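According to the working numbering, the sequence shown holds residues 3 to 421 in order.
Virtual Cβ for every residue (Gly too), placed ideally from N, Cα, C.
This one's a predicted model, so the numbers in the text were calculated from it and none came from an experiment.
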Amino acid sequence: MDTFGVLNELTCFRPSRQSQHCVGDDEHDGTTDLDKKIDDVEDTTGHNPLQPATRLDIIQIHCSNNRVSWGDKDGDLQCTDPLDLEIVIDTSANTALLRLCGEVYINCRNPFNRRAIYLYIRPENIVSITYRNDNNTRSLSFSLQRKPDLITPKEPINARPRSQALLDAIMAISTVTDFTVRLDSSSTAPAHLLKKVASIFSPRPTWNDELGNLSRLYEGEGGLVANANMATSPVASTDLEDDARTDLEDGAHTESEAHPDRPPQKRKRDSPDIESDSSSTKSDMPSINVMLRKMEQRIMNSIQQLGQKLDDVDPCRYGTEEREDVMAEVTQRCDDEFIDLKVESADVFEEVKGDVERVLNQVDDDVKERIDVLEDELDERLRSYAKEAAEAAAEKYVKETLLNASWRMDGTMSIQRQP
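Following this line, the structure appears as structure tokens:
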């Protein structure tokens with residue numbers, strides 16, 4: 003019995019996954035080589051699988067200019083961009099193609115001096131694909147059992163300096179099993195399409211040999227798996243089986259030590275009966291246990307790393323030197339603003355002072371003019387009062403004089419006033 007089949011039956015292992023149906027434009031004729039290959043593939047009924055009648059069975063994704071991040075061997079977060087994400091899932095045939103692609107400029111005389119470098123992600127190696135949408139930043143986090151296949155042309159790649167960093171990043175991603183693809187912000191795929199693939203991996207799809215045929219790449223010249231020496235061939239025993247075999251050998255060795263008198267048991271030839279099926283099922287159990295232990299160990303390591311990160315969180319975002327630089331910059335800006343405010347205040351004070359002086363001078367002139375007018379009016383009134391008083395006094399004097407006048411015998415009047 004296949005190890006992954008037993009694991010799915012016993013643990014109901016259903017990795018979450020997500021898809022995005024984005025249409026990317028090719029630089030030449032508007033179709034990618036993946037689209038061309040899909041058009042060339044026909045099903046057993048003789049019609050194109052992407053015709054409207056069967057298009058619901060195929061989920062096709064092409065998202066360009068995505069940012070990929072991963073953790074290196076030292077635990078530091080690394081990232082690169084841009085990389086294209088392509089996913090084609092045929093639900094009717096239970097097959098899938100998943101790959102990342104980046105174009106690298108190479109040193110050659112050919113005017114087409116770009117080569118596509120691929121990272122093929124085989125669905126049977128996928129542990130989970132997690133979709134997240136944090137602050138309108140959508141991402142797909144891949145967790146794999148095995149490293150992705152690095153696909154390059156057969157000829158050596160001599161990248162130009164401006165593409166060397168991208169090539170190194172793609173090669174670095176091919177050495178890890180956990181990475182995150184942050185989708186480009188210009189993507190307009192709805193959320194329900196991104197969550198549509200949640201139930202596709204039960205049963206788990208197999209690799210689409212037609213679309214993933216390496217002989218179709220690089221204009222028919224074919225590609226090769228550059229990191230094949232680091233990957234394990236399909237016919238070879240897996241690491242989990244090796245660990246299980248080691249556990250079995252250790253158990254047998256322990257049992258032989260516990261019963262030294264018991265003769266060694268000879269290996270029996272498998273027979274197609276019920277007992278052989280039962281023994282086959284039992285032989286698969288250690289590998290399943292090893293897989294579950296490794297999964298548990300990865301989960302515990304992730305929890306431990308998360309706890310360490312939470313313990314290392316500093317309330318301040320910056321370190322000591324950064325804080326000093328920020329404080330110095332803030333102080334300098336405050337000083338500059340204070341000087342500017344002081345200069346502007348002096349200019350405003352001078353303008354206000356001139357306006358006040360003009361107002362005071364105008365008020366002074368108005369007061370003087372008003373005083374002159376009042377003085378003229380007062381003088382005129384005083385002269386009028388003096389004239390009236392003089393006339394009244396003269397009239398009184400004449401009356402008194404006439405009243406006191408006396409007539410003489412000779413008929414003359416004496417106006418001398420008597421004392």
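| Check | Outcome |
| --- | --- |
| Proximity below 8 Å, CB of arginine 142 to CB of valine 129 | As written in the sequence, residue 142 is leucine, which differs from the arginine given in the question. No. Outside cutoff. |
| Environment of glutamate 402 [buried if 16+ CB atoms lie within 10 Å] | exposed |
| Whole-angstrom distance between leucine 152 and tyrosine 120, CA atom to CA atom | 6 Å |
| Closest by C-alpha distance to valine 90, when choosing among Met173, Val70, Tyr122, Trp72 | Tyr122 |
| CA nearest to the CA of threonine 82, picked from Ile60, Gln166, Asp374 | Gln166 |
| Residues of its chain near glycine 428, where Cβ-Cβ distance is below 8 Å and the 5 sequence neighbours each way are ignored | There is simply no residue 428 to check, as the chain begins at 3 and stops at 421 in what is shown. |
| For tyrosine 122: DSSP bridge partner residues | Arg101, Asp151 |
| Supposed contact pair proline 150 and serine 176 - C-beta distance, whole angstroms, cut 8 Å | 6 Å |
| Span of the alpha helix (DSSP H) around serine 2 | There is no way to answer for residue 2, as the model of the chain reaches only from 3 to 421. |
| Proximity to alanine 228 [Cα-Cα], best of Thr182, Leu213, Ile159, Gly222 | Ile159 |
| Closest residue to lysine 156 among Asp381, Gly225, Glu393 (Cα-Cα distance) | Gly225 |
| Strand pairing of tyrosine 107, partner residues [DSSP] | Arg116 |
| Environment of alanine 98 [buried if 16+ CB atoms lie within 10 Å] | buried |
| Limits of the beta strand (DSSP E) - the one that asparagine 135 falls within | 128-136 |
| DSSP state of leucine 87 mapped onto helix, strand, coil | strand |
| Buried versus exposed call for methionine 302 [16 or more other C-beta atoms within 10 Å across all chains shown] | exposed |
| Phenylalanine 340 classed as buried or exposed, judged by whether at least 16 other C-beta atoms fall within 10 angstroms | exposed |
| Short Cβ contact (8 Å threshold) for arginine 69 with glutamate 88 | no |
| N- and C-terminal bounds of the beta strand (DSSP E) containing asparagine 229 | Unbroken run through asparagine 229: none, as it is neither H nor E. |
| Arginine 117, buried or exposed, once every other Cβ within 10 Å from all chains shown has been counted against 16 | buried |
| Any chain C beta carbon closer than 8 Å to asparagine 406 | You won't find chain C in this structure, because it holds only one protein chain. |
| Sheet register partners of valine 183 (DSSP bridge) | Val70, Leu142 |
| Whether arginine 140 touches leucine 185 by CB criterion (8 Å) | yes |
| Bridge partners - leucine 79, DSSP secondary structure assignment | Gly73 |
| Outcome for serine 188 when other beta-carbon atoms lying within 10 angstroms are tallied against a minimum of 16 | exposed |
| Whether arginine 148 touches tyrosine 107 by CB criterion (8 Å) | no |
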